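> Here you go, one structure.
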Ligand SMILES: [Zn+2]
Ligand SMILES: [Zn+2]
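Here you go:
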């Protein structure tokens, strides 16, 4: 399968995905944190707008340039870690806070060819009329979780460029965004 290139909007951060879309999940996520994260990185996503993502394991990512430009941020200390490209401000990736949970996504817009992902296979946190949310395409999501468990067990979780696998800490200092700031990003 041909590698699928990605880059930030100025091109300083770049790399490629292998095994897409066979080894991942093409989804949209309606959760508040995805929208707040996108808006933190300069988007202006209105309420109800989902973020389009491709979810896979870190072993399928190869960042070939601009690693030193990646700035991680979180909305709470153990929350999902989102990675912004400092050079142009766009959001690139998200990972878990702990690299031993090897699930990583890329904002679909960063891919050279979003069409290569094929159709959406999952919608996460879709709001329901009762004020709750549900997942559509749970099987696609479950497949990614199973793949992550496999990578945790077979040691492939270590194939990440975003964490020091000895200390399990991100390669750059994490910015903690306050609850007030998050709320402002959602208004
Ligand atoms: Zn989300
Ligand atoms: Zn850039």
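In the numbering used here, the protein residues as written are -17 to 169. Backbone N, C-alpha and C define an ideal beta-carbon position, used for all residues, glycine too. What you are looking at is a predicted structure, and each value in this text was computed from that prediction instead of being measured.
1) Is residue 166 helix, strand or coil by DSSP?
2) Just grab the DSSP bridge partners of residue 69 for me.
3) How would you call residue -16, buried or exposed, if buried means at least 16 neighbouring beta carbons within 10 angstroms?
4) Considering only heavy atoms of ligand 2, does any lie closer than 7 Å to the CB of residue 154?
5) In chain order, what residues place their C-beta within less than 5 Å of a heavy atom belonging to ligand 2?
6) Does any heavy atom of ligand 1 sit closer than 7 Å to the C-beta of residue 123?
7) Whose C-alpha, out of 37, -3, 1 and 23, is nearest the C-alpha of residue 106?
8) Got a sec: does ligand 1 put a non-hydrogen atom nearer than 7 Å to the Cβ of residue 107?
9) Among -10, 137 and 101, which residue has its Cα nearest to the Cα of residue 183?
10) Here's the rule I'm using: 16 or more other beta-carbon atoms within 10 Å means buried, otherwise exposed. How should residue 158 be labelled?
Looking at the atomic coordinates:
1) Assignment of residue 166 by DSSP, reduced to helix, strand and coil, places it in the helix class.
2) Answer is none; residue 69 lacks a bridge partner.
3) exposed
4) no
5) Neighbourhood of ligand 2, defined by CB distance below 5 Å to any of its heavy atoms: -10, -8, -6, 67, 69 and 70, in chain order.
6) no
7) Distance from the Cα of residue 106 is smallest, within the candidate group 37, -3, 1 and 23, for 37.
8) yes
9) As displayed, the chain neither begins before -17 nor continues past 169, which places residue 183 out of reach and without an answer.
10) exposed
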